[in-house]
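All remarks here apply to the structure that follows.
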Amino acid sequence: RQAPAARFREFPAWRKTFYDESAAHGAAFISIAAENPDLFSDVDPKRLTEAGQTAGKALQGYRARLMSNQNTWCVVSVPTPAWACKVFPHETEETAVARLWTEILRAVRVSEESDPVAAWKEHVSALQKTADFLNAHDFLELHYRNGLGTDLHVELPKGHIWMGGAERAASGTMFVANIPTEEVYTLPKRDGVNGVVVASKPLHYNGNLIAGFSLTFRAGKVTDYHAESGEEHLRELLQTDEGASFLGEVALVPHASPISVSGILFYNTLFDENASCHLALGKAYPTCIRGGDGMTEEELLRHGVNHSLVHEDFMIGTADLSVVGRTRAGEEITIMEHGSFSF
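Numbering-wise, our numbering puts 231 at position 231 of the sequence shown, and it's gapless, one number per residue.
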């Protein structure tokens with residue numbers, strides 16, 4: 001809070017060099033997502049945005065490599081006391097940490113009774129079958145509706161690819177980027193999103209919570225927004241750069257996923273996004289369009305692929321969510337009904 005303003009416009013050269021050179025030499029990266037959800041609750045959101053922009057620009061090359069699968073990478077989590085006490089506020093710190101360990105291990109399919117490697121192979125195979133079904137239909141558009149007020153049309157670009165479970169790096173190595181993962185996902189056409197979407201869970205962003213929010217899209221861009229709390233942080237997110245007010249990801253997750261069934265709000269996107277269908281503001285994954293991992297930024301934009309310094313997932317899934325796909329031949333197919341897959 002008291003740091004000089006110039007500090008937020010600086011990024012350590014050694015840190016940029018570390019990431020860039022490690023990536024260039026083919027390193028595999030493991031990230032641990034275990035922040036204190038309230039860490040920056042009393043910090044000016046403009047400072048947080050500026051710090052994020054500075055880091056985003058400095059690490060743009062590194063992050064581009066990861067998002068195009070030039071390197072293998074994985075995001076996992078372990079309990080920290082502050083995070084555990086946020087999730088279980090009525091427990092002692094020791095009990096809260098123990099409970100969070102239990103829930104994390106359950107979410108990542110680790111138990112004394114079963115073989116986690118076999119469980120993950122089975123799970124990855126199931127996600128791939130779902131992605132194969134969606135790819136086979138080559139949908140032109142998805143229409144989302146639910147009782148919260150979501151009524152959103154999302155056009156998909158030609159050549160889009162649904163992905164889920166394991167991914168293949170440029171080296172040929174298969175890897176799972178998020179543990180846990182329950183999603184199948186692709187990218188939207190940058191200017192093809194229209195309607196209203198209402199978030200079904202709070203978004204943890206820059207150490208702050210944005211809750212009860214909705215977004216209105218026209219020709220792909222957010223034209224109106226509202227949040228019951230944290231609206232100033234939502235505003236800063238949307239104003240990060242031009243691409244931050246466009247979507248970069250659409251992801252389908254059944255409402256009956258294990259994390260959803262737990263009924264726990266984790267205040268951590270790695271877990272909460274896998275309890276719910278979600279969208280992401282900002283940068284799209286180039287691997288979700290044919291040939292995208294070999295395209296320049298300008299070529300990706302011409303193919304309808306969004307670019308931004310940010311990629312922020314937010315949850316929209318509910319027990320009554322319906323998703324109807326329209327194929328390029330004009331056929332309508334129900335993909336999800338009452339929050340569950342229909343195939």
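From the three backbone atoms N, C-alpha and C, an ideal C-beta is built for every residue, glycine too.
Predicted model only: the values in this text are computed from it and were never measured.
Cβ pair residue i, residue j closer than 9 angstroms
| i | j | result |
| --- | --- | --- |
| L39 | G172 | no |
| K201 | A275 | yes |
| I316 | V324 | no |
| R235 | P45 | yes |
| L270 | F217 | no |
| A168 | N306 | In the sequence as presented, Ala is not what sits at residue 168; that position holds Arg. No, they are not a contact pair. |
| E35 | W73 | no |
| S262 | E103 | yes |
| T352 | L237 | The requested residue 352 is not part of the displayed model; the chain covers only 1 to 343. |
| T186 | L156 | yes |
| N178 | V75 | yes |
| G61 | E141 | no |
| E232 | F213 | no |
| F18 | T54 | no |
| S114 | P254 | no |
| Y144 | V108 | no |
| K121 | L59 | no |
Extent of the continuous beta strand (DSSP E) to which residue i belongs
| i | result |
| --- | --- |
| R15 | Where R15 is concerned, there is no enclosing beta strand (DSSP E), although the alpha helix (DSSP H) it sits in stretches over 13 to 24. |
| R145 | 139 to 145 |
| L252 | 247 to 252 |
| F29 | 29 to 32 |
Anticipated Cβ contact below 8 angstroms, residue i with residue j, distance rounded
| i | j | result |
| --- | --- | --- |
| G147 | T318 | 7 angstroms |
| N268 | H204 | 6 angstroms |
| F139 | R326 | 7 angstroms |
| A98 | C85 | Actually they do not touch by this definition, with Cβ atoms about 12 angstroms apart. |
| D313 | A280 | 5 angstroms |
| A244 | G304 | Not a contact, Cβ separation roughly 17 angstroms. |
| G165 | H123 | 7 angstroms |
Endpoints, the alpha helix (DSSP H) within which residue i is located
| i | result |
| --- | --- |
| R7 | Careful: R7 lies outside any alpha helix (DSSP H) and carries neither H nor E. |
| H338 | From DSSP, H338 is part of no alpha helix (DSSP H); its letter is neither H nor E. |
| H233 | 231 to 238 |
| L100 | 93 to 107 |
| V261 | 258 to 262 |
| A266 | Position check: residue 266 holds Phe in this sequence, whereas Ala was assumed. Note, F266: premise wrong, no alpha helix (DSSP H); not H, not E. |
Residue i Cβ short of 8 angstroms to the ligand FMN heavy atom set
| i | result |
| --- | --- |
| R109 | Ligands displayed in this structure: none; no statement on the ligand FMN is therefore possible. |
Exercise. In the segment 59 to 90, which residue ranges form an unbroken alpha helix (DSSP H) of at least 4 residues, counting only runs that do not cross its ends?
Worked result: Counting only runs of 4 or more, we get 60 to 67, 81 to 87.
Problem set entry | Segments of 3+ residues assigned as beta strand (DSSP E) that fall wholly inside the segment 282 to 332 | Runs found: 311 to 315, 322 to 327.
Problem set entry | Inter-stretch contact at 8 angstroms, needing at least 3 Cβ pairs: the segment 179 to 186 / the segment 125 to 141 | Enough Cβ pairs lie closer than 8 angstroms, so yes.
Exercise. Which ranges would you report for the alpha helix (DSSP H) in the segment 152 to 229 if only whole runs of at least 4 residues count?
Worked result: Within the segment 152 to 229, complete alpha helix (DSSP H) segments of at least 4 residues are not found at all.
Problem set entry | Segment contact, 8 angstroms Cβ cut-off, at least three pairs: the segment 282 to 289 with the segment 211 to 230 | Counting C-beta pairs with one atom in each stretch, the segment 282 to 289 and the segment 211 to 230 have fewer than three that are closer than 8 angstroms, which means they do not touch.
Problem set entry | Inter-stretch contact at 8 angstroms, needing at least 3 Cβ pairs: the segment 27 to 42 / the segment 295 to 314 | Taking 8 angstroms as the limit for Cβ pairs, the verdict is that the segment 295 to 314 does not touch the segment 27 to 42.
Exercise. Can we say the segment 244 to 256 touches the segment 22 to 34, given the rule of at least three CB pairs closer than 8 angstroms?
Worked result: Using a C-beta cut-off of 8 angstroms, the segment 244 to 256 makes no contact with the segment 22 to 34, since fewer than three inter-stretch Cβ pairs fall below that distance.
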